[in-house]
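S.K.: Below: one structure in structure tokens.
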Amino acid sequence: MAALSLHNFNHLVSILSSPSSSSFWNLSFSFKNEVRFKKGKFLVFLSTHSNPKILKSNKKSRFGQRITSYDTDEEEEEDEDEEFDDNDDGMAGDDWLMNDDFAQPHEYVVNGKKIKSHKGSGKEGNRRLQEQRKGSKALKSRQGLIISEDQMDVRHGNDGLKRKSVGNSYHTSTKTKEAGSFDVDGGRMLVSKTSRENRYQRLSDEIDLDEKWFPLLDYLSTFGLKDTHFIQMYERHMPSLQINVCSAQERLDYLLSVGVKQRDVRRILLRQPQILEYTVENNLKSHVAFLMSLGIPSSRIGQIIACAPSLFSYSVENSLKPTVRYLIEEVGINEHDLGKVVQLSPQILVQRIDISWNTRYMFLSKELGAPRDSIVKMVKKHPQLLHYSIDDGLLPRINFLRSIGMRNSDILKVLTSLTQVLSLSLEDNLKPKYLYLINELNNEVHSLTKYPMYLSLSLDQRIRPRHRFLVSLKKAPKGPFPLGSLVPSDECFCQQWAGTSLDKYLAFRQRLLLKEFAKKYEK
Numbered sequence: 001m002a003a004l005s006l007h008n009f010n011h012l013v014s015i016l017s018s019p020s021s022s023s024f025w026n027l028s029f030s031f032k033n034e035v036r037f038k039k040g041k042f043l044v045f046l047s048t049h050s051n052p053k054i055l056k057s058n059k060k061s062r063f064g065q066r067i068t069s070y071d072t073d074e075e076e077e078e079d080e081d082e083e084f085d086d087n088d089d090g091m092a093g094d095d096w097l098m099n100d101d102f103a104q105p106h107e108y109v110v111n112g113k114k115i116k117s118h119k120g121s122g123k124e125g126n127r128r129l130q131e132q133r134k135g136s137k138a139l140k141s142r143q144g145l146i147i148s149e150d151q152m153d154v155r156h157g158n159d160g161l162k163r164k165s166v167g168n169s170y171h172t173s174t175k176t177k178e179a180g181s182f183d184v185d186g187g188r189m190l191v192s193k194t195s196r197e198n199r200y201q202r203l204s205d206e207i208d209l210d211e212k213w214f215p216l217l218d219y220l221s222t223f224g225l226k227d228t229h230f231i232q233m234y235e236r237h238m239p240s241l242q243i244n245v246c247s248a249q250e251r252l253d254y255l256l257s258v259g260v261k262q263r264d265v266r267r268i269l270l271r272q273p274q275i276l277e278y279t280v281e282n283n284l285k286s287h288v289a290f291l292m293s294l295g296i297p298s299s300r301i302g303q304i305i306a307c308a309p310s311l312f313s314y315s316v317e318n319s320l321k322p323t324v325r326y327l328i329e330e331v332g333i334n335e336h337d338l339g340k341v342v343q344l345s346p347q348i349l350v351q352r353i354d355i356s357w358n359t360r361y362m363f364l365s366k367e368l369g370a371p372r373d374s375i376v377k378m379v380k381k382h383p384q385l386l387h388y389s390i391d392d393g394l395l396p397r398i399n400f401l402r403s404i405g406m407r408n409s410d411i412l413k414v415l416t417s418l419t420q421v422l423s424l425s426l427e428d429n430l431k432p433k434y435l436y437l438i439n440e441l442n443n444e445v446h447s448l449t450k451y452p453m454y455l456s457l458s459l460d461q462r463i464r465p466r467h468r469f470l471v472s473l474k475k476a477p478k479g480p481f482p483l484g485s486l487v488p489s490d491e492c493f494c495q496q497w498a499g500t501s502l503d504k505y506l507a508f509r510q511r512l513l514l515k516e517f518a519k520k521y522e523k
């Protein structure tokens, strides 16, 4: 949940009252009871719809925090005209798969040694890391120089220090000293040993820090990594911090060249620090070529990597290709649909797909009497289904639909048409929409089988505003409210149902949002 501080209520009113783009309001307001508002200054908590604990996301870091596939401070841009409730399906990453078995990680040769890539460390590894941290000591201070980016000549005492043309070496009048430079925004920044030791003092207190790592740490810091992030990388895979800075830069530059965004590099390194060890020619290029062979456009490769960086630790021939064959031959997904399925859920490539498919197929067949064809349709539309926990995700939502009067055949029809219903929050989404459907729209439950999309629409952004707008125009029928009026775009709604201008509807919706916001503020 993101927090936005607005220092003046009148400023908020002016924003809400302006007929701006509807996309600005694809957010729903929520408040915590303990929040206290003062005159002229308050906090507004803005949040998009999020899933409950339907994913196997109880994996935690050594600091007690959940390890997620995406950082909460960086979100993808939303489609401007979208008014559907957001799913965070793609945010759980490999943590969805904790209780499932994974394909066998692949061995790679790094610096002449064979290593096996895998996630995290075992208990024995964690014990050794704890011993190393306990036994580590802060590095001793050493005398050095700090040379700015623009300086070409710095004098210290009687010794002149002049910049060498390239590389990590710098000449003094007597000898060459290592300074460990790296490229930052087209310039060279030189950092002395003393300043580095001061900078990484906390880090050296936590882990057994080697001064040879300083150039790599300096480089990775340009992607926003801090001491706490380096500690996480150290605990997950300590050898990743021993990589030569030039090799690390070559590999990250390649990832950036295939579409990985600068802001996603930190997230990738925290989840898969081993990626710094994978060579461009023997690993990275072959995996990117494999993704493109599935029909994934080059513009989407970077997003796939950011969502599932662990795929680089799996052999293309021995793991990834067999998974693809299983999806086609056993699950029944058409080959031309495969690229779309992987784009919707990249984690499907690194999952033990046989276990995931068989357990959920057997559950849906037994629980709802779902035929195989219907379940395959669900997977093609919403492959995240294979990641959801049965006990915490699928079963509670099926039981809720039963509790409001749906039969198994109705539930199956709804899920086949709109499988993402299984990702929606019960308390914050499904239950409020059901109550509004019955109490305000005067509809019955069976109407959802005809318009299952109703459950995916935003209550605050679309359902309530369109209903209230037609009521205000006295164009709403006395009987059940037509759910078909909620489906088309704003422009079509105004033309076909309201018979008025789009600007008038948008202004009405913004006033309604402000009114609903004020009600929640009073509580």
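Quick note on numbering: the sequence shown equals residues 1 to 523 in full-length UniProt numbering.
Positions of the beta carbon are idealized from the N, C-alpha and C atoms, including for glycine.
Candidates L412, N399 and K413: which alpha carbon is nearest L430's?
M.R.: The sequence position of residue 430 within the sequence shown is 430, counting from 1. It is N399 whose Cα lies nearest to the Cα of L430.
S.K.: Between the Cα of V379 and those of I353, S456 and R462, spot the shortest distance and give me the residue it belongs to.
M.R.: Against the sequence shown, residue 379 aligns to sequence position 379. Answer by Cα proximity: I353.
S.K.: If I'm right that G259 touches S298 with Cβ under 8 Å, what's the distance once you round it to whole angstroms?
M.R.: Your numbering for residue 259 matches position 259 in the sequence shown. Your numbering for residue 298 matches position 298 in the sequence shown. 7 Å between Cβ atoms; contact.
S.K.: Does DSSP put N282 in a helix, in a strand, or in coil?
M.R.: The residue given as residue 282 occupies position 282 in the sequence shown. N282: helix per DSSP, three-state reduction.
S.K.: Among F481, V324 and V414, which one has its Cα closest to the Cα of H336?
M.R.: Residue 336 sits at position 336 when you count from the first residue of the sequence shown. Minimum Cα distance to H336 is reached at V324.
S.K.: Answer yes or no: do D460 and L513 have a C-beta to C-beta separation smaller than 8 Å?
M.R.: The residue labelled residue 460 in the question sits at position 460 within the sequence shown. The residue labelled residue 513 in the question sits at position 513 within the sequence shown. Contact: yes.
S.K.: Report all residues from its chain with a CB closer than 7 Å to the CB of F493; omit the five preceding and five following residues, and keep chain order.
M.R.: Translated into positions along the sequence shown, residue 493 becomes position 493. Answer for F493: R466 and S485, listed in chain order.
S.K.: Does the beta-carbon of G393 have 16 or more other beta-carbons within 10 angstroms, so that it is buried, or is it exposed?
M.R.: The residue given as residue 393 occupies position 393 in the sequence shown. The residue in question, G393, is buried, as its Cβ has 16 or more Cβ neighbours within 10 Å.
S.K.: Relative to the C-alpha of R248, which residue among W213, K261 and D227 is closest?
M.R.: As a position in the sequence shown, residue 248 is number 248, starting the count at 1. The residue you asked about is not Arg; residue 248 is Ala in the sequence shown. The shortest Cα separation from A248 among W213, K261 and D227 belongs to W213.
S.K.: How big is the Cα-Cα spacing for Q272 and K475?
M.R.: Locating residue 272 in the sequence shown gives position 272, where the first residue counts as 1. Locating residue 475 in the sequence shown gives position 475, where the first residue counts as 1. Approximately 56 Å between the Cα atoms of the pair.
S.K.: Just how far apart, CA to CA, sit S22 and S423?
M.R.: Looking up residue 22 in the sequence shown gives position 22. Looking up residue 423 in the sequence shown gives position 423. Reliability fails at S22, whose pLDDT of 42 lies under 50, so the model's placement of it is uncertain and the value that follows must be treated cautiously. If I take the Cα positions, the gap works out to 25 Å.
S.K.: Are H287 and L256 close, meaning C-beta to C-beta below 8 Å?
M.R.: Position 287 of the sequence shown, counted from the start, is the residue given in the question as residue 287. Position 256 of the sequence shown, counted from the start, is the residue given in the question as residue 256. Not closer than 8 Å, so no.
S.K.: Out of curiosity, what's the CA-to-CA distance linking I438 and D503?
M.R.: Translated into the one-based positions of the sequence shown, residue 438 becomes position 438. Translated into the one-based positions of the sequence shown, residue 503 becomes position 503. Whole-angstrom Cα-Cα distance: 30 Å.
S.K.: Ignore the nearest five residues each way along the sequence and tell me which others in I243's own chain have a CB closer than 8 Å to its CB.
M.R.: Position 243 of the sequence shown holds residue 243. So the list reads L216, L276 and E277, once near-sequence residues are dropped.
S.K.: Run the CB neighbour count on I293, radius 10 Å, all protein chains shown included, and call it buried at 16 or more, exposed below.
M.R.: Indexing the sequence shown from 1 puts residue 293 at position 293. For the record, residue 293 in the displayed sequence is Ser; it is not Ile. That one is exposed.
S.K.: Hey, R266 and A306 are a contact pair by Cβ (cut 8 Å); roughly how many whole angstroms apart?
M.R.: In the sequence shown, the residue the question calls residue 266 occupies position 266. In the sequence shown, the residue the question calls residue 306 occupies position 306. Wrong, their Cβ atoms sit about 10 Å apart, outside the cutoff.
S.K.: Assuming the contact rule is C-beta atoms closer than 8 Å, residue 524 and V445 should be a hit. Round their C-beta distance to whole Å, please.
M.R.: The structure shown does not extend to residue 524, since the chain spans only 1 to 523, so no value can be given for it.
S.K.: Going by DSSP in three states, residue 525 sits in which element: helix, strand or coil?
M.R.: The question about residue 525 has no answer here: the residues shown for the chain are numbered 1 through 523.
S.K.: Which term fits N443, buried or exposed, when burial requires 16 or more other beta carbons within 10 angstroms of its beta carbon?
M.R.: The count along the sequence shown starts at 1 and reaches residue 443 at position 443. Buried, since its Cβ has 16 or more Cβ neighbours within 10 Å.
S.K.: Let me confirm a value: D391 is counted as buried when at least 16 other C-beta atoms fall within 10 Å, else exposed. Which label applies?
M.R.: On the sequence shown, residue 391 is found 391 positions in, with the first residue counted as 1. D391 should be labelled exposed.
S.K.: For H387 and L473, I'd like the C-alpha separation in whole angstroms.
M.R.: As a working mapping, residue 387 is identified with position 387 in the sequence shown. As a working mapping, residue 473 is identified with position 473 in the sequence shown. Computed Cα separation, rounded: 45 Å.
S.K.: Would you kindly check if the distance between the Cβ of F469 and the Cβ of L441 is under 8 Å?
M.R.: By 1-based counting over the sequence shown, the position of residue 441 is 441. By 1-based counting over the sequence shown, the position of residue 469 is 469. Taking 8 Å as the Cβ cut-off, L441 and F469 do not qualify as a contacting pair.
S.K.: For F508, collect the residues of the same chain with a Cβ closer than 8 Å to its Cβ; drop the 5 residues on either side in sequence, then sort them by chain order.
M.R.: The sequence position of residue 508 within the sequence shown is 508, counting from 1. Closer than 8 Å at the Cβ level, and outside the excluded window around F508, lie P465, R468, F469 and S472.
S.K.: For L435, count the other beta carbons within 10 Å of its own beta carbon; 16 or more makes it buried, fewer makes it exposed. Which is it?
M.R.: Indexing the sequence shown from 1 puts residue 435 at position 435. Exposed, since its Cβ has fewer than 16 Cβ neighbours within 10 Å.
S.K.: Leaving aside the five residues before and after S345 along the sequence, list all residues of the same chain whose C-beta is less than 6 Å from its C-beta, in chain order.
M.R.: Stepping through the sequence shown from its first residue, residue 345 is reached at position 345. Contacts found: P383 and Q384.
S.K.: What does the Cβ neighbour count give for K433, buried or exposed, with the cut at 16 atoms within 10 Å?
M.R.: Taking the sequence shown and counting its residues from 1, one reaches residue 433 at position 433. When all chains shown are included, K433 counts as buried.
S.K.: Would you mind stating whether I375 and Y361 have Cβ atoms separated by less than 8 Å?
M.R.: The residue given as residue 375 occupies position 375 in the sequence shown. The residue given as residue 361 occupies position 361 in the sequence shown. Their beta carbons are under 8 Å apart, which means I375 touches Y361 by this criterion.
S.K.: Excluding the 5 residues preceding and the 5 following L368 in the sequence, name in chain order all residues of the same chain whose CB lies nearer than 8 Å to its CB.
M.R.: Taking the first residue of the sequence shown as position 1, residue 368 is located at position 368. These residues qualify, in order along the chain: I398, N408, I411, L412 and L415.
S.K.: By the 10 Å Cβ neighbour count, where 16 or more other Cβ atoms means buried, how is R462 classified, buried or exposed?
M.R.: What you label residue 462 is simply residue 462 of the sequence shown in a count that begins at 1. The residue in question, R462, is buried, as its Cβ has 16 or more Cβ neighbours within 10 Å.
S.K.: Quick check on the DSSP output: the alpha helix (DSSP H) that includes P322 runs from which residue to which?
M.R.: If you number the sequence shown from 1, residue 322 lands on position 322. K321 to Y326 is the extent of the alpha helix (DSSP H) around P322.
S.K.: Let's test the definition: count the other Cβ atoms within 10 Å of the Cβ of E235 and tell me whether it reaches 16, buried, or not, exposed.
M.R.: On the sequence shown, residue 235 is found 235 positions in, with the first residue counted as 1. Buried.
S.K.: Measure from the alpha carbon of K340 to the alpha carbon of each residue in G295, L426, S221 and S315, then state which is nearest.
M.R.: Counting from one through the sequence shown, the residue named residue 340 turns up at place 340. Per the Cα distances, G295.
S.K.: Measure the C-alpha to C-alpha separation of D95 and L269 and round it to an integer number of angstroms.
M.R.: Sequence index remark: in the sequence shown, residue 95 carries index 95 (1-based). Sequence index remark: in the sequence shown, residue 269 carries index 269 (1-based). Confidence at D95 is low in this model, with a pLDDT of 38, below 50, so the placement of that residue should be treated as unreliable; the coordinate-derived value is given next. Roughly 15 Å between the two C-alpha positions.
S.K.: Give a yes or no on whether the C-beta atoms belonging to L418 and P452 are separated by under 8 Å.
M.R.: Reading the sequence shown from its first residue, position 418 is the one you call residue 418. Reading the sequence shown from its first residue, position 452 is the one you call residue 452. Taking 8 Å as the Cβ cut-off, L418 and P452 qualify as a contacting pair.
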